[in-house]
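Chains as they are written, first to last, in full-length UniProt numbering: chain P, 1 to 268; chain C, 1 to 345; chain B, 1 to 309.
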Amino acid sequence: MASNTDVRNYPGFVGITILCLVILYAPLIVVTVYSFNASASITVWEGVSLRWYADVFTGPDSEKFKTAAVNSFSIAIMAATTATVIATCAATAMVRGGRFRGRTLSFGLISLPLMVPEIVTAVATLIFFNAIGFTRGYTTILAAHIAFCIPFAYLPIAARMQGIEGTYEQAAQDLYATKVQAFRYVLLPLMGPGIISGFLLAFIISLDDFIITNFVKGAGVETLPTAIFGSVKQGIKPNIMAISTMLLGVSVVMVTISYFVSKKDNTQ
Amino acid sequence: MKTLLKASAAALALSVAAQGASAEGKLVIYHWFEYMPQELLDKFSAETGIEVTMDTYDSNEAMLASLKAGGLGTYDVAVPGDYMVEIMANEGILDEIGDGELANIGNVTADWADPAFDPGRKHSIPYQWGSTSFMVDREVYDGDISTTDILFNPPAELSGKINMLDSQGEVLAMAAIHMGIEQCSQDRDKLKALNAMLTEAKAHWASFNSDTAKEVLVSGDAAVGQIYDGFGAKARAERASLEYAFPKQGYVVWMDNVVLLKDAPNRENALKFMDFLLEPENIAAVSNYARYGAGVKGVEEFLDPELATLPEANPPADAGPGAFIAVCDEQTQAVYDQIWTNLKK
Amino acid sequence: MAGGAATGASVTTDTYAEARTWLLLPAWAVLGFFVLAPVGMMLVYSFLTKEFRGGVIWEFSLAAYDQFFFDRGLFGDEAPKIEWTYINIFWRSIWQAGLATVMSLLIGFPTAYFIATRPEKVRPIWVFLITIPYWVNLLIRTVSMKFLLRDNGPLNEFLMSVGVVSEPIHIINTNFAVQLGLFYSYLPFMVLPVYASVERYNFTLSEAAADLYASKWTTLRRVLLPTVKPGVIAGCILVFVPSLGSFLAPDLLGGAKNFMIGSLIEEQFKGSAGNWPFGAAAAMILLSMVLVILMVFARQQAKSGKEAG
């Protein structure tokens with residue numbers, strides 16, 4: 001086939017793809033490299049050292065970041081778990097509940113946090129908590145996180161459920177399994193990869209959130225993003241780069257897990 | 001699913017443990033960024049067994065906004081500047097310190113014992129005092145810097161390299177000083193002129209930032225920066241070519257004060273903390289860290305000797321007068337808000 | 001975002017129809033209480049009177065919307081003119097978000113096309129590479145960008161060392177830095193939907209066009225693009241909408257000097273402005289704009305869905 005009719009390859013597209021990857025990775029790589037810088041200044045390179053990693057755990061800010069990390073991870077785990085359970089129930093109703101009035105409305109409500117810009121949700125939540133007299137703190141962050149994690153957990157779960165033939169549960173019921181048993185022993189195990197993807201997505205989204213958390217957090221309760229933001233406002237310090245690199249590591253581990261889960265799913 | 005639930009339960013337990021109050025109780029401080037040495041908080045905790053949590057803000061106005069947006073009842077003490085103490089007292093969000101509740105109140109120096117912004121020190125104790133002016137990188141500009149023109153009508157070398165504080169009070173007060181207008185003026189022509197002058201000056205400014213005020217100067221991202229004197233002294237320590245200016249038109253002076261907030265969840269501990277900060281040795285530690293003056297008797301022997309000769313804290317003879325930021329009434333404040341919004345759009 | 005429930009080969013049964021109310025109840029309760037009710041409350045607040053220095057007074061007022069659209073002079077007593085300040089802020093946000101979207105499209109489309117035309121086995125690896133940065137904390141990505149772009153940061157050092165420029169290029173604290181930050185933040189959102197639609201594309205169509213002597217670029221424009229348009233539009237929306245309300249990129253990369261919508265709203269609650277009804281009104285206007293865009297998109301999707309089959 002002449003190159004002129006080779007519709008799968010366009011000149012320059014390879015270059016742009018490489019450029020795209022460079023743009024996506026350059027800032028992350030630069031920060032990772034500089035996190036190993038021995039110098040106290042971010043502008044001078046003085047050789048490789050783990051000094052700033054040690055500083056994260058033992059330095060003057062270590063207590064603050066430790067508390068923030070505990071808050072971040074505990075909120076992310078609880079919010080993602082709760083959101084996953086709620087989303088699984090909702091997906092079952094939406095995908096295995098037949099057609100019913102209010103189905104479109106329910107879908108609209110579930111995807112609401114995706115449609116409303118984050119800053120709007122943040123302001124609305126602040127106003128609401130203030131109007132009903134909720135004291136801002138750990139609980140308000142958790143509640144807000146559960147709410148906006150639901151659609152992120154829902155989408156992969158519903159997509160997975162739509163891909164599972166109804167005949168499996170039908171067969172189970174024909175063999176005298178109750179509906180609960182059919183759900184528990186047939187549908188749920190098949191749903192595994194979808195649920196794990198949904199959970200991981202919700203987990204990362206919760207861990208990632210800055211804007212909403214910044215508005216609803218209370219006295220002395222920081223999560224990693226708000227603590228990092230507070231610190232970065234006064235200039236980027238090497239210990240921030242070390243924390244960033246560690247969080248980058250967490251993200252890569254999570255995305256790798258989800259990649260292999262979905263791969264296993266495909267080869268099933 | 002089960003593992004998820006288990007992990008979640010573990011996380012819950014962990015966070016509850018993290019949130020759990022210690023036996024001696026807690027103290028929640030709402031404070032400026034980079035203004036309190038961690039060692040001093042550790043010392044307070046060690047002496048009293050009180051567990052301290054601290055949140056930070058970057059302007060008096062932001063602190064007030066946050067307190068009014070549901071922060072009240074969660075913090076025990078805050079550290080507003082002079083004019084903000086007056087505003088907060090008017091808003092009714094400060095608690096009164098009763099007679100005899102502070103053992104060390106007698107340590108306050110005479111000139112700070114009965115300030116206009118808090119007559120009789122009913123709500124506050126002194127924390128630190130200093131000035132707000134600006135710094136210039138002498139490597140970039142070596143002309144005369146003792147004029148507010150540097151900020152509002154800069155020479156070509158400095159245009160576009162100026163960082164202003166993201167603080168309405170400080171910027172507008174400085175602008176009023178530059179034009180020789182009294183603060184909170186209600187004169188329409190003067191206000192219009194002020195607005196017009198600021199609109200023109202804005203073209204020369206690169207950014208509005210308070211918490212990076214030092215960083216942008218040290219890194220060279222800005223050649224001029226509005227800054228507090230002690231913060232400026234720290235900047236100079238990291239970049240020797242920076243010089244703090246005392247404009248002949250005048251500059252802003254201030255005193256930050258520790259106030260007792262209304263509905264403080266740990267009122268007793270807040271008072272203990274205030275007494276702690278009235279000890280000369282302790283407040284001197286703050287001065288040594290933040291490079292500002294203290295308002296407490298007997299600090300001299302604990303102070304870093306360098307502080308006495310800091311160029312940032314010792315105005316030359318030809319410096320203009322220092323002025324506190326004034327509190328405007330609601331109607332005038334609305335005009336100032338409008339000017340500020342015009343400036344930041 | 002849209003279409004999750006509307007993909008082709010979906011299986012929906014009514015096995016658990018009788019339990020659906022109970023199954024949906026938690027989602028309804030949580031989202032109703034923590035998303036829908038707050039948005040409703042915000043709508044109410046936008047019509048209240050502001051309290052001096054933050055907070056509201058429970059009295060009906062149109063002052064917030066009036067302030068947004070009309071300029072009554074410095075002292076509030078002149079004849080109302082149209083107030084351009086906030087319209088300009090919104091316009092600037094739309095412009096910035098739009099440029100970021102165009103940049104994402106220019107880089108993202110060829111990338112997605114390239115990936116979709118790789119052998120089936122290696123495609124997931126490419127997709128994996130594109131998605132990793134999306135999983136990294138947005139704040140950290142923005143901070144990294146800030147670090148990279150500084151006047152004497154690694155990018156300028158690199159450019160100067162290879163001799164492209166002799167003086168550092170000033171990028172940080174400019175509109176371009178904000179566009180770059182937005183573009184970088186949401187680039188994967190462009191690549192993934194475009195990739196998904198190009199992957200489903202039947203390349204024999206293009207080959208047929210090429211056999212009929214259409215040039216490669218004509219084929220791309222006239223045959224491929226109309227077919228993958230929904231994916232492209234989805235990508236544009238996924239980049240444009242979050243960019244519009246973003247707060248981190250303007251704040252950290254733009255030096256907080258040139259307000260965008262997000263910073264304007266934030267300032268009303270956390271900054272010195274302290275005008276809650278106005279902040280609520282600005283947020284409502286932003287929300288309305290986004291909902292209109294999404295509705296137009298949904299209609300477009302439904303239309304192209306009908307056309308397709």
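A virtual CB, placed ideally from N, CA and C, is assigned to each residue, including glycine. Since the model is a prediction, treat every value here as computed from it, not as a measurement.
C-alpha distance - residue i paired with residue j, whole-angstrom precision
i, j, result
"alanine 176 of chain C", "valine 221 of chain P", "39 Å"
"leucine 73 of chain B", "proline 119 of chain C", "According to the sequence provided, residue 73 of chain B is glycine. The question's leucine does not apply to it. Each residue's Cα considered, the two are about 37 Å apart."
"threonine 82 of chain P", "leucine 200 of chain P", "12 Å"
"methionine 254 of chain P", "leucine 27 of chain C", "37 Å"
"alanine 21 of chain C", "aspartate 76 of chain C", "Any reading at alanine 21 of chain C must be qualified, since the residue scores a pLDDT of 43, below 50, and its modelled position is unreliable; no value is offered."
"proline 277 of chain B", "valine 95 of chain P", "41 Å"
"phenylalanine 117 of chain C", "threonine 56 of chain C", "23 Å"
"residue 313 of chain P", "lysine 68 of chain C", "This structure cannot speak to residue 313 of chain P, because chain P is shown only from 1 to 268."
"leucine 310 of chain C", "alanine 317 of chain C", "15 Å"
"arginine 299 of chain B", "methionine 42 of chain B", "28 Å"
"glycine 293 of chain C", "tyrosine 228 of chain C", "12 Å"
"glycine 218 of chain P", "phenylalanine 128 of chain P", "14 Å"
"glycine 309 of chain B", "arginine 200 of chain B", "For glycine 309 of chain B, the predicted structure reports a pLDDT of 42, less than 50, and the residue's modelled location is therefore unreliable. A value from the coordinates is still provided. Spanning the two alpha carbons is a distance of roughly 15 Å."
"leucine 19 of chain P", "methionine 161 of chain P", "37 Å"
Assumed close pair residue i, residue j - CB separation to whole angstroms, cut-off 8 Å
i, j, result
"serine 197 of chain B", "glycine 231 of chain B", "3 Å"
"isoleucine 162 of chain C", "alanine 113 of chain C", "Not confirmed; about 38 Å, so no contact."
"leucine 40 of chain C", "alanine 285 of chain C", "5 Å"
"threonine 17 of chain P", "phenylalanine 114 of chain B", "4 Å"
"asparagine 257 of chain C", "serine 124 of chain C", "4 Å"
CB contact check: residue i to chain P, cutoff 8 Å
i, result
"alanine 21 of chain C", "With a pLDDT of 43 at alanine 21 of chain C, under the threshold of 50, the predicted position of this residue should be treated as unreliable, and no value is reported."
"lysine 146 of chain B", "yes"
"aspartate 304 of chain C", "no"
"tyrosine 75 of chain C", "yes"
"glycine 70 of chain C", "yes"
"arginine 20 of chain B", "yes"
"alanine 302 of chain B", "no"
Below-8 Å beta-carbon distance, residue i vs any chain C residue
i, result
"lysine 179 of chain P", "no"
"glycine 279 of chain B", "no"
"lysine 81 of chain B", "no"
"aspartate 151 of chain B", "yes"
"alanine 143 of chain P", "no"
"isoleucine 172 of chain B", "yes"
"leucine 74 of chain B", "yes"
"glycine 245 of chain B", "no"
"glycine 181 of chain B", "no"
"methionine 254 of chain P", "no"
"threonine 142 of chain B", "no"
Enclosing beta strand (DSSP E) for residue i [first to last residue]
i, result
"glutamate 243 of chain C", "242–245"
"glutamine 226 of chain C", "224–228"
"alanine 206 of chain C", "205–208"
"leucine 27 of chain C", "26–32"
"asparagine 257 of chain C", "251–260"
Minimum Cβ-Cβ distance from residue i to chain B less than 8 Å
i, result
"arginine 239 of chain C", "no"
"glycine 250 of chain C", "no"
"isoleucine 244 of chain P", "Reading off the sequence shown, one finds serine at residue 244 of chain P, where the question assumed isoleucine. So, interface residue."
"proline 238 of chain P", "no"
"threonine 132 of chain C", "no"
Residue range of the unbroken alpha helix (DSSP H) whose run includes residue i
i, result
"isoleucine 93 of chain C", "Where isoleucine 93 of chain C is concerned, there is no enclosing alpha helix (DSSP H), given that its DSSP letter is neither H nor E."
"valine 164 of chain B", "Taken as a continuous stretch (DSSP letters only), valine 164 of chain B belongs to no alpha helix (DSSP H), as it is neither H nor E."
"serine 74 of chain P", "62–96"
"serine 167 of chain C", "No alpha helix (DSSP H) contains serine 167 of chain C, which DSSP labels as neither H nor E."
heavy atom of the ligand FMN below 7 Å from residue i C-beta
i, result
"threonine 74 of chain C", "By its list of ligands, the structure shown contains no ligand whatsoever, and the ligand FMN lies outside what it can speak to."
Indicate whether the contact test is met: 3 or more Cβ pairs, each with one atom in the region 192–200 of chain C and one in the region 239–253 of chain C, closer than 8 Å. no
Say whether the region 104–114 of chain P touches the region 147–165 of chain P, bearing in mind that this needs 3 or more beta-carbon pairs closer than 8 Å, one atom from each stretch. yes
Are the region 18–30 of chain B and the region 208–228 of chain C in contact at 8 Å, needing three or more beta carbon pairs? no
Is there contact between the region 235–252 of chain P and the region 31–45 of chain P, where contact requires at least three CB pairs shorter than 8 Å? yes
Cβ contact check for the region 193–210 of chain P and the region 145–152 of chain P: 3 or more pairs under 8 Å: Counting Cβ pairs under 8 Å, three or more are found: they touch.
Taking 8 Å as the threshold, find out whether the region 58–70 of chain P comes into contact with the region 186–197 of chain P through three or more Cβ pairs. no
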